[in-house]
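Everything on this sheet refers to the single structure shown next.
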Amino acid sequence: MWSRGYPVEIEKNSTEAIMYVNPLSRLKPRPATSWKMNYETDTVLCARCNRKFKMTLDFVQEECFHHWGRVSGKKFECCNKHVGAIGCTVSRCHVWSGTRPGINGPLKGYVRARHRRGGIYAVDAEMCYTAAGFELASIAFIAVDGRIVYQQYVKPTSPVVDYNTRFSGIRPRDLQTAKKTLRDVQNDILGFVGTDTILIGHALENDLRALKLLHNAVVDTSDLYPHAKGFPLRRSLRSLSEEILGRPVKDRRSGGHSPVEDARTALELVLLMVYRNRETATQLGSHASTLLRQRAFVPLILYPSFNR
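Residue numbers (UniProt numbering): 1 to 308.
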């Protein structure tokens with residue numbers, strides 16, 4: 001879990017955590033630029049264009065030219081331009097994730113379940129960029145039968161710099177009416193997430209970081225369906241959904257991203273592996289037997305992919 005970037009408790013009963021951010025996972029091809037950069041020493045990496053920038057109070061120092069799509073072959077998926085091309089998207093400013101390559105911490109405000117509660121839930125969190133980095137903006141927990149157990153918009157603790165709408169689906173109006181804080185959400189989920197609760201998700205370390213939740217019983221679809229070139233490369237949930245589940249996904253340009261949809265997709269990917277291939281499913285360890293017991297109660301109509 002440490003090498004995958006999951007937050008780890010510094011000491012027992014502590015509210016502080018540390019995490020390791022793989023430097024290679026942060027690297028991406030940089031778009032070409034037509035100007036020279038001149039930053040001071042106190043800088044961070046932009047999470048979009050991977051360039052260094054100096055943080056200011058309002059973050060507006062210069063525009064950010066970037067490609068929002070992944071690299072496929074030698075081209076960007078967003079614009080089909082070759083690696084090295086000037087960014088096809090312009091944002092009003094640079095943003096940062098709140099973490100740096102290497103060891104990060106101590107990080108405050110983390111919580112951990114202290115009691116057994118059972119259960120299996122798929123989880124997906126959506127984040128926006130704030131002055132403090134990536135912060136939780138929306139969260140959804142889905143039960144193994146597909147029911148929504150918990151769903152909330154969340155008020156970030158720091159001023160929002162960019163709503164990250166293309167990937168999060170979050171718009172300003174969504175957070176204007178949000179009443180829950182991160183602390184409220186933590187208190188809510190610890191009411192049904194216990195030490196033995198299995199959490200399912202895709203690149204789940206990002207969700208646990210956003211929730212500031214320390215948890216060990218996890219099933220991560222990015223590990224169950226690894227990239228052909230190995231870690232730190234990972235397949236996107238979108239590509240897994242299209243290839244394995246045969247399910248079209250919403251166009252990211254439409255801003256139609258949904259934590260409920262993503263959580264259900266991760267859940268179905270795990271259940272499908274357990275249902276189709278018991279031998280492969282053994283890599284889940286003790287989680288597999290629990291999923292197999294629960295699987296008997298999941299109506300096939302909820303997961304039509306099982307019938308293929």
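Even for Gly, the Cβ is constructed at its ideal location relative to N, Cα and C.
For clarity, every value in this text was computed on a predicted model and none was experimentally measured.
Does DSSP put residue i in a helix, a strand or coil?
i	result
Y129	strand
I10	coil
V274	helix
A231	Residue 231 is actually Phe in this sequence, not Ala. If DSSP states are grouped into helix, strand and coil, F231 belongs with coil.
S91	strand
A143	strand
Q186	helix
I200	strand
residue 323	Beyond the ends of the chain as shown, which are 1 and 308, falls residue 323; an answer cannot be given.
Q176	helix
M1	coil
R100	coil
Judging by CA-CA distance, which residue of the options is the nearest neighbour of residue i?
i	options	result
A17	K212, D220, E261 and F141	K212
R171	G230, Q186, K155 and T181	K155
W2	V95, L271, N216 and A228	N216
V185	R234, R112 and Y20	R112
D145	A132, V161 and G119	G119
A93	S168, M55, N22 and C79	The sequence given here has Cys at residue 93, not Ala. Of the listed residues, the one whose Cα sits closest to C93 is M55.
L233	K12, P23 and N13	P23
R183	H202, V71 and T157	T157
D48	E77, N164, D207 and F231	For the sequence presented, residue 48 should be read as Arg rather than Asp. Selected option, being the one with the closest Cα: N164.
K179	Y153, R70 and R173	Y153
Contact defined as beta carbons within less than 8 angstroms: I believe residue i pairs with residue j. What is the distance between those atoms, to the nearest angstrom?
i	j	result
T265	L245	7 angstroms
I103	A122	Their Cβ separation, rounded to whole angstroms, is 29 angstroms, which puts I103 and A122 out of contact at 8 angstroms.
P106	I10	6 angstroms
E126	P226	Their Cβ separation, rounded to whole angstroms, is 24 angstroms, which puts E126 and P226 out of contact at 8 angstroms.
V218	L199	5 angstroms
A140	I148	7 angstroms
P101	V44	The Cβ separation is near 11 angstroms, so there is no contact.
For a quick check, are the C-beta atoms of residue i and residue j less than 8 angstroms apart?
i	j	result
G98	T15	no
L269	L224	yes
G46	V95	Looking at the sequence shown, residue 46 is not Gly but Cys. Contact: yes.
E242	Y6	no
D124	Y150	no
S91	H66	yes
Q196	R114	Looking at the sequence shown, residue 196 is not Gln but Asp. Cβ atoms of D196 and R114: not closer than 8 angstroms.
Going by DSSP, what residues sit across from residue i in a beta bridge?
i	result
S168	Answer is none; S168 lacks a bridge partner.
R192	The identity of residue 192 in the sequence shown is Phe, whereas the question assumes Arg. Paired residue(s): none; F192 is not in a bridge.
A122	I142 and I200
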